[in-house]
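S.K.:
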Amino acid sequence: MFFDTFQQTSDGIIDTFASGQIPDGSLQGDDPAHVVLDVDTSQLTNFISSSCTFSFVTFTETCRPAPTGLIHVEWRQVRATTTHTSLDMQQTFFQFRISTHQVSDSASAALSGSFFGLDPSDGGGEVGVNHGSTIEIDRFPRH
Amino acid sequence: MKSMILAAAVLFTSLTMTAQTNTDVVHQDGLFAQALAFTGGTSI
Numbered sequence: 274m275f276f277d278t279f280q281q282t283s284d285g286i287i288d289t290f291a292s293g294q295i296p297d298g299s300l301q302g303d304d305p306a307h308v309v310l311d312v313d314t315s316q317l318t319n320f321i322s323s324s325c326t327f328s329f330v331t332f333t334e335t336c337r338p339a340p341t342g343l344i345h346v347e348w349r350q351v352r353a354t355t356t357h358t359s360l361d362m363q364q365t366f367f368q369f370r371i372s373t374h375q376v377s378d379s380a381s382a383a384l385s386g387s388f389f390g391l392d393p394s395d396g397g398g399e400v401g402v403n404h405g406s407t408i409e410i411d412r413f414p415r416h
Numbered sequence: 005m006k007s008m009i010l011a012a013a014v015l016f017t018s019l020t021m022t023a024q025t026n027t028d029v030v031h032q033d034g035l036f037a038q039a040l041a042f043t044g045g046t047s048i
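First to last, the sequence lines map onto chains X and D. 274 is the number of the first residue of the first sequence in this note's numbering; add one for each residue after it. 5 is the number of the first residue of the second sequence in this note's numbering; add one for each residue after it.
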C-alpha cells in the first residue's frame, strides 16, 4: 500500500507519503465489485511514512515520521466507466518515484469509510484486476 | 597511495548508493484499488 497526501498551510504545504507492506487480509474482496481496506498503520512493522513541511516564505523543509492511524476505505464499483489499461508510466513526486508497468481491467468506484478521520466519499476510485503488473516505488532520502 | 584513495572513493560511492536504494517492488496478478479524494480548497 502507498499513499500521498497534500495539505496547504498558511505559508506552504505539508506533503505526507507512506508505503510498505500490509497484511494479506487487510484488503478484502473476492470480487472487484466491492473491496474493503482495513489497516491500522500503527501496527505495521514494514511500513515507512514521512511528513514534510515546506515553507515558501523561509524556503525551509522539515521532515519527520508521519502520524499513524486507522484507514478504512470501501470501493463499490458503479461502472460508470470501465477501463482496460496497458501502460508503462513513471511519476515523480516530492518524496518518491513510481514506475508502473500495468495491464489491468477496472471500473469506476464510489468511496466510503475513513482515512485518518477524513471522509473520502466526495472523491472517486478505480477498482479492478491487474494482470502480471509491476509497481516499483523508490523513496527519496530525506533529512 | 593512489590505490588507497581509489578504494576509499569506491566505498563512499557504495555507501551512498546503499543509502539511496529504498525501493519497494510489487508484482501483482489480482485485485487492486485506487482512491482519489479532495477535501476543502478551491478547484479551477
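C-beta: ideal position from N, C-alpha, C; glycine also. Quick caveat: nothing in here was measured; it's all calculated off a predicted structure.
1) Here's the rule: buried if 16 or more other CB atoms are within 10 angstroms of the residue's CB, otherwise exposed. What is R337(X)?
2) Given a cut-off of 7 Å on the beta-carbon distance, is the pair F388(X) and I344(X) in contact?
3) L40(D) and G396(X) - do their beta-carbons sit closer together than 7 Å?
4) Give the interface partners of P393(X) over in chain D, defined as CB-CB distance under 8 Å, in chain order.
5) Just to confirm, is the Cβ distance from R349(X) to A380(X) under 7 Å?
6) Please report whether the beta-carbon of S323(X) lies at a distance below 7 Å from any beta-carbon of chain D.
7) Could you pull the start and end residues of the beta strand (DSSP E) that F329(X) belongs to?
8) Shortest alpha-carbon distance to I286(X) belongs to which of D303(X), T335(X), L300(X), M274(X)?
9) Out of curiosity, what's the CA-to-CA distance linking S324(X) and T318(X)?
10) Can you tell which of F327(X), L391(X), L300(X) has its C-alpha closest to the C-alpha of F367(X)?
11) On the DSSP bridge assignment, give the partners of F367(X) in chain order.
12) Helix, strand or coil, according to DSSP, for D277(X) in the structure here?
13) Determine, for E334(X), whether the minimum Cβ-Cβ distance to residues of chain D falls below 7 Å.
14) Check whether the Cβ of D288(X) lies closer than 7 Å to any Cβ atom in chain D.
15) When the Cβ atoms of the segment 392 to 409 of chain X are set against those of the segment 301 to 321 of chain X, are three or more pairs found closer than 8 Å?
M.R.: So, from the data block:
1) Walking along the first sequence from the start, residue 337(X) turns up at place 64. Label assigned to R337(X): exposed.
2) Taking the first sequence and counting its residues from 1, one reaches residue 388(X) at position 115. Taking the first sequence and counting its residues from 1, one reaches residue 344(X) at position 71. Yes.
3) As a working note, residue 396(X) is residue 123 in the first sequence. As a working note, residue 40(D) is residue 36 in the second sequence. Taking 7 Å as the cut-off, the Cβ atoms of G396(X) and L40(D) count as close.
4) Here residue 393(X) corresponds to residue number 120 of the first sequence, with the count starting at 1. A39, A41, listed in chain order.
5) Taking the first residue of the first sequence as 1, we reach residue 349(X) at position 76. Taking the first residue of the first sequence as 1, we reach residue 380(X) at position 107. No, they are not a contact pair.
6) Here residue 323(X) refers to the residue found at position 50 of the first sequence. For S323(X), the answer is no, since every Cβ of chain D falls outside 7 Å of its Cβ.
7) On the first sequence, residue 329(X) is found 56 positions in, with the first residue counted as 1. Unbroken run through F329(X): none, as it is neither H nor E.
8) Taking the first sequence and counting its residues from 1, the one referred to as residue 286(X) is at position 13. Of D303(X), T335(X), L300(X), M274(X), the residue nearest in Cα terms is T335(X).
9) Here residue 324(X) refers to the residue found at position 51 of the first sequence. Here residue 318(X) refers to the residue found at position 45 of the first sequence. Those two C-alpha atoms are separated by around 18 Å.
10) The count along the first sequence starts at 1 and reaches residue 367(X) at position 94. Closest option to F367(X), Cα to Cα, is F327(X).
11) On the first sequence, position 94 is the one that residue 367(X) refers to. Its beta-bridge partners do not exist; DSSP assigns none.
12) As a first step, residue 277(X) is located in the first sequence; it is residue number 4 there, counting from the start. Looking at D277(X) - three-state DSSP - the assignment turns out to be strand.
13) In the first sequence, the residue the question calls residue 334(X) occupies position 61. E334(X) does not count as touching chain D.
14) Position 15 of the first sequence, counted from the first residue, corresponds to residue 288(X). With 7 Å as the cut-off, D288(X) does not count as an interface residue toward chain D.
15) yes
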